[in-house]
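Q: Quick note on numbering: the sequence shown equals residues 1184 to 1618 in the working numbering. The C-beta atom is built at its ideal place from N, Cα and C for all residues, glycine as well. Only a predicted model underlies this, so the values are computations on that prediction, with no experimental measurement involved.
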Amino acid sequence: MSNPKLQKINGVRGMNDLLPADAQQWTHLENAVRDLTRAYGYELLKTPIVESTPVFQRGIGEVTDIVEKEMYSFEDRLNGEQLTLRPEGTAALVRAVIEHNLLYDGPKRLWYTGPMFRHERPQRGRYRQFHQFGIEALGFAGPDIDAEIILMGQRLWDELGLRGVRLEINSLGQADERAQHRTALIAYFEKNASALDADSQRRLKTNPLRILDSKNPEMQALIEGAPRLLDFLGPESLAHFEAVQDLLKANNVPCKINPRLVRGLDYYNLTVFEWVTDALGAQGTIAGGGRYDPLIERMGGKSAPACGWAMGMERVLELMKVSESLPEATNLCDVFVLHQGGETLRTALVAAEEMRSAGIDVVLFCAPDGQAASFKSQMKKADASGAAYAVIIGPDELARNEAQLKDLRGGEQQRAIPLDGLLGTVIDALVATSE
Ligand code: ATP
Ligand code: MG
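(1) Check the Cβ-Cβ distances between residue 1218 and every residue of chain B, and say whether any is below 7 Å.
(2) Buried or exposed: where does residue 1257 fall if 16 or more other Cβ atoms within 10 Å of its Cβ makes it buried?
(3) Using a Cβ distance threshold of 8 Å, determine whether the stretch 1605-1615 contacts the stretch 1568-1587, with at least three qualifying pairs required.
(4) To which residues of the same chain is residue 1420 closer than 8 Å at the C-beta, ignoring the five residues directly before and after it?
(5) Based on the DSSP secondary-structure assignment, which residues constitute the bridge partners of residue 1198?
(6) Take the Cβ of residue 1578 as the centre, count every other Cβ of all protein chains shown within 10 Å, and call the residue buried at 16 or more, exposed below.
(7) For ligand 1, I want to know if residue 1373 counts as a neighbour, meaning its beta carbon is within less than 6 Å of at least one of the ligand's heavy atoms.
(8) What's the gap between the Cα of residue 1248 and the Cα of residue 1381?
(9) Here's a check: name, in chain order, each residue in its chain whose Cβ is nearer than 6 Å to the Cβ of residue 1529, leaving out the five neighbours to either side.
(10) Excluding five sequence neighbours on each side, which residues of the same chain lie with their C-beta closer than 7 Å to the C-beta of residue 1235?
(11) When every heavy atom of ligand 2 is checked, does at least one fall within less than 6 Å of the C-beta of residue 1248?
(12) Buried or exposed: which applies to residue 1212, given that a residue is buried once 16 or more other Cβ atoms fall within 10 Å of its Cβ?
(13) So, at 7 Å on beta carbons, what are the nonlocal neighbours of residue 1532 in its own chain, with the 5 sequence-adjacent residues on each side left out?
(14) Among 1509, 1458, 1582, whose alpha-carbon lies nearest the alpha-carbon of residue 1348?
(15) Residues in its own chain within less than 7 Å of residue 1138 by CB, not counting five upstream and five downstream?
(16) Using the beta-carbon count (16 or more within 10 Å), is residue 1296 buried or exposed?
(17) May I ask you to check if the CB of residue 1315 is nearer than 6 Å to at least one heavy atom of ligand 1?
(18) Measure from the alpha carbon of residue 1197 to the alpha carbon of each residue in 1314, 1473, 1365, 1246, then state which is nearest.
(19) If you reduce the DSSP assignment to three classes, tell me which class residue 1572 lands in.
(20) Can you find a heavy atom of ligand 1 that lies under 6 Å from the Cβ of residue 1468?
(21) Give a single yes or no on whether residue 1393 has its beta carbon closer than 6 Å to a heavy atom of ligand 1.
(22) Sorted by chain position, which residues of the same chain lie with C-beta nearer than 7 Å to residue 1466's C-beta, five sequence neighbours on each side aside?
(23) Answer with buried or exposed for residue 1326, where buried requires no fewer than 16 other C-beta atoms within 10 angstroms of its C-beta.
(24) Hey, would you say the C-beta of residue 1443 is under 6 Å away from at least one heavy atom of ligand 4?
(25) From 1427, 1523, 1398, 1254, pick the residue whose C-alpha is nearest to that of residue 1553; which is it?
(26) Counting Cβ pairs closer than 8 Å, one from the stretch 1422-1431 and one from the stretch 1392-1402, do we hit at least three?
(27) What residue does the alpha helix (DSSP H) around residue 1585 start on, and which one ends it?
(28) Taking only runs that begin and end inside the stretch 1341-1404, name each unbroken alpha helix (DSSP H) of 4 or more residues, in chain order.
(29) Quick one, which of 1388, 1192, 1329 has its alpha-carbon nearest residue 1246's?
(30) Suppose only complete runs of 3+ residues qualify. What are the beta strand (DSSP E) ranges in the stretch 1239-1281, listed by chain order?
(31) Whose C-alpha, out of 1562, 1501, 1369, 1472, is nearest the C-alpha of residue 1205?
(32) Look up residue 1500 in the DSSP assignment and say whether it is helix, strand or coil.
(33) When the distance is taken between beta carbons, is residue 1570 closer than 7 Å to residue 1518?
(34) Measure the C-alpha to C-alpha separation of residue 1590 and residue 1540 and round it to an integer number of angstroms.
(35) Applying the criterion that 16 or more other CB atoms from any shown protein chain within 10 Å of the CB defines a buried residue, is residue 1221 buried or exposed?
(36) What does DSSP give as the partner residue(s) for residue 1424 in the beta ladder?
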């Protein structure tokens, strides 16, 4: 029997490692969202990964998939406080905005990114730890900001080269309009009570609108025939909805009205939307959001309108793969430095630092066993690094106060260069190859 203490320990199911081979793609996506937020004047707000559980119970709503069954909640062993790993970003961001009184001098445009946790059945595009990027515009009531945040999404998909992303949009109106619709909806579902699944029967009493959000295929025909919230909207809600659509049209952003789009949070009102694709199987929603004017007050802040959206980074990356729009792999470094230990290592290290100070990316050979390795095996590493040049400093070179400069990609002859002019020579060589 092997020692059980030495058995390997695996990661948690549904929580993925990001391996170096995929890191460049992530960085590419992160850079794209950072550029996007800069282009529209949105500021970063970071919240902790753990919040007290009521933040989400109140901020997402008790009768939602997330709060009912997806949260990782636990008790703080020291003080018994109920804590939860954040399942989404909006509730925590609003908590922070209220706590720090960020809206005291007017509206704010904010963004966040980071890991989220939901206890779901892991499958393609659905994980227990996943990452979101989200934007929230707080304190703006008009349809112009709804349009702005939707345009931001469109711009991001274009930047990333995503293909086949459709925008679906709906209006949830205001509370009184939803109340009238709710009455009609309950009457309709009660008439068809035998066709409701267990979840929906429960929701019929608590939050019948959420039945429209059901993913159960057997419920779809029934949902299709249900009364449409859009038919219950008054003139103000309709005007807001039309203004958003008009601004999108002015920017050539096509959208489809989906009267069954209700979204997972309880406190959405007016505009709601999702970006969907057929290219990712069942997990086809890459991002979604909408207006949530009642939330800030519900969370204990001074009433202020708000809207935003969040995207699933894993799903977007997967769609980039399918769209063949992933960035080309870049090289590990510009220059790889080889040496033979001892004095040659000292000189190589100093040269490498000098090059880095000048903005050159340098990998210095480092032997796994701490001993010097043959130049042949070092040269293999240099080739694999994708560097344009190798700088070789052996004892013979050092004795002559020289290094060898080897062109790893072009057809240039290997040549000896004086150590004291090494930086300038390397810069000239790199500039020449990049032209
Ligand atoms: P779904 O209907 O797929 O469960 P959702 O409505 O629960 O999504 P939101 O809460 O709106 O999702 O989260 C915004 C985005 O985050 C989603 O559109 C999706 O891209 C991504 N997302 C949500 N849950 C997961 C998950 N478990 N794994 C990976 N990405 C997810
Ligand atoms: Mg979900």
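A: This is what the structure holds:
(1) Reference to chain B is not applicable here, since this structure consists of a single protein chain.
(2) Here the question's residue 1257 lines up with position 74 in the sequence shown. Burial call: exposed.
(3) Touching, yes.
(4) Taking the first residue of the sequence shown as position 1, residue 1420 is located at position 237. Within the same chain, and ignoring the five residues on either side of residue 1420 in sequence, the residues whose Cβ sits closer than 8 Å to its Cβ are 1354, 1356, 1357, 1360, 1453.
(5) On the sequence shown, residue 1198 is found 15 positions in, with the first residue counted as 1. In DSSP, residue 1198 forms a bridge with 1312.
(6) On the sequence shown, position 395 is the one that residue 1578 refers to. Exposed, because fewer than 16 other Cβ atoms sit within 10 Å of the Cβ of residue 1578.
(7) Within the sequence shown, the letter at position 190 stands for residue 1373. Ligand 1 never approaches residue 1373 closely enough for any of its heavy atoms to be under 6 Å from the residue's Cβ.
(8) Locating residue 1248 in the sequence shown gives position 65, where the first residue counts as 1. Locating residue 1381 in the sequence shown gives position 198, where the first residue counts as 1. Here the alpha carbons of residue 1381 and residue 1248 stand approximately 14 Å from one another.
(9) As a working mapping, residue 1529 is identified with position 346 in the sequence shown. Nothing listed; no residue qualifies.
(10) Here residue 1235 is taken as the residue at index 52 of the sequence shown, counted from 1. Excluding its 5 nearest sequence neighbours in each direction, residue 1235 has C-beta neighbours in its own chain below 7 Å: 1264, 1265, 1266, listed in chain order.
(11) Against the sequence shown, residue 1248 aligns to sequence position 65. Inclusion of residue 1248 in the 6 Å shell around ligand 2 follows from its C-beta lying nearer than that to a non-hydrogen atom of the ligand.
(12) The residue labelled residue 1212 in the question sits at position 29 within the sequence shown. Flag for residue 1212 reads buried.
(13) Translated into positions along the sequence shown, residue 1532 becomes position 349. Cβ within range, chain order: 1547.
(14) Within the sequence shown, the letter at position 165 stands for residue 1348. Ranking the options by Cα distance to residue 1348, first place goes to 1458.
(15) Past the edges of the chain, shown from 1184 to 1618, lies residue 1138, and the structure says nothing about it.
(16) Position 113 of the sequence shown, counting from 1, holds the residue named residue 1296. Looking at its Cβ environment, which holds 16 or more other Cβ atoms inside 10 Å, residue 1296 is buried.
(17) The residue you call residue 1315 lines up with position 132 of the sequence shown. Relative to ligand 1, the beta carbon of residue 1315 is positioned inside 6 Å of a heavy atom.
(18) For the purposes of this step, residue 1197 is taken as the residue at position 14 of the sequence shown. Checked all of 1314, 1473, 1365, 1246; the closest Cα to residue 1197 is 1314.
(19) By 1-based counting over the sequence shown, the position of residue 1572 is 389. Strand.
(20) Reading the sequence shown from its first residue, position 285 is the one you call residue 1468. Residue 1468 Cβ: within cutoff of ligand 1.
(21) Here residue 1393 corresponds to residue number 210 of the sequence shown, with the count starting at 1. Because no heavy atom of ligand 1 lies under 6 Å away, the Cβ of residue 1393 does not count as near it: no.
(22) The residue you call residue 1466 lines up with position 283 of the sequence shown. Counting only Cβ-Cβ distances below 7 Å, and skipping sequence neighbours, we find 1307, 1308, 1309, 1498.
(23) Along the sequence shown, one-based indexing puts residue 1326 at 143. Classification for residue 1326: buried.
(24) Of the ligands one can find in the structure shown, namely ligand 1 and ligand 2, none is ligand 4.
(25) For the purposes of this step, residue 1553 is identified with residue 370 of the sequence shown, where counting begins at 1. Among 1427, 1523, 1398, 1254, the Cα nearest to that of residue 1553 is on 1523.
(26) No: the two stretches stay apart, fewer than three of their Cβ pairs being nearer than 8 Å.
(27) The residue labelled residue 1585 in the question sits at position 402 within the sequence shown. In the DSSP assignment, residue 1585 falls outside any alpha helix (DSSP H) and within the unbroken beta strand (DSSP E) covering 1585-1590.
(28) DSSP runs (the alpha helix (DSSP H)) wholly in the stretch 1341-1404: 1358-1374, 1381-1389.
(29) For the purposes of this step, residue 1246 is identified with residue 63 of the sequence shown, where counting begins at 1. It is 1388 whose Cα lies nearest to the Cα of residue 1246.
(30) Correct list: 1255-1258, 1265-1268.
(31) Position 22 of the sequence shown, counting from 1, holds the residue named residue 1205. Taking residue 1205 as reference, the option from 1562, 1501, 1369, 1472 with the minimal CA-CA separation is 1501.
(32) By 1-based counting over the sequence shown, the position of residue 1500 is 317. Residue 1500: helix per DSSP, three-state reduction.
(33) For the purposes of this step, residue 1518 is taken as residue 335 along the sequence shown, with counting starting at 1. For the purposes of this step, residue 1570 is taken as residue 387 along the sequence shown, with counting starting at 1. Contact annotation: residue 1518 and residue 1570 have beta-carbon atoms nearer than 7 Å.
(34) Locating residue 1590 in the sequence shown gives position 407, counting from the first residue. Locating residue 1540 in the sequence shown gives position 357, counting from the first residue. Roughly 22 Å separates the two Cα atoms.
(35) Indexing the sequence shown from 1 puts residue 1221 at position 38. Label assigned to residue 1221: exposed.
(36) In the sequence shown, the residue the question calls residue 1424 occupies position 241. DSSP, once it has assigned bridges, lists no residue as partnering residue 1424.
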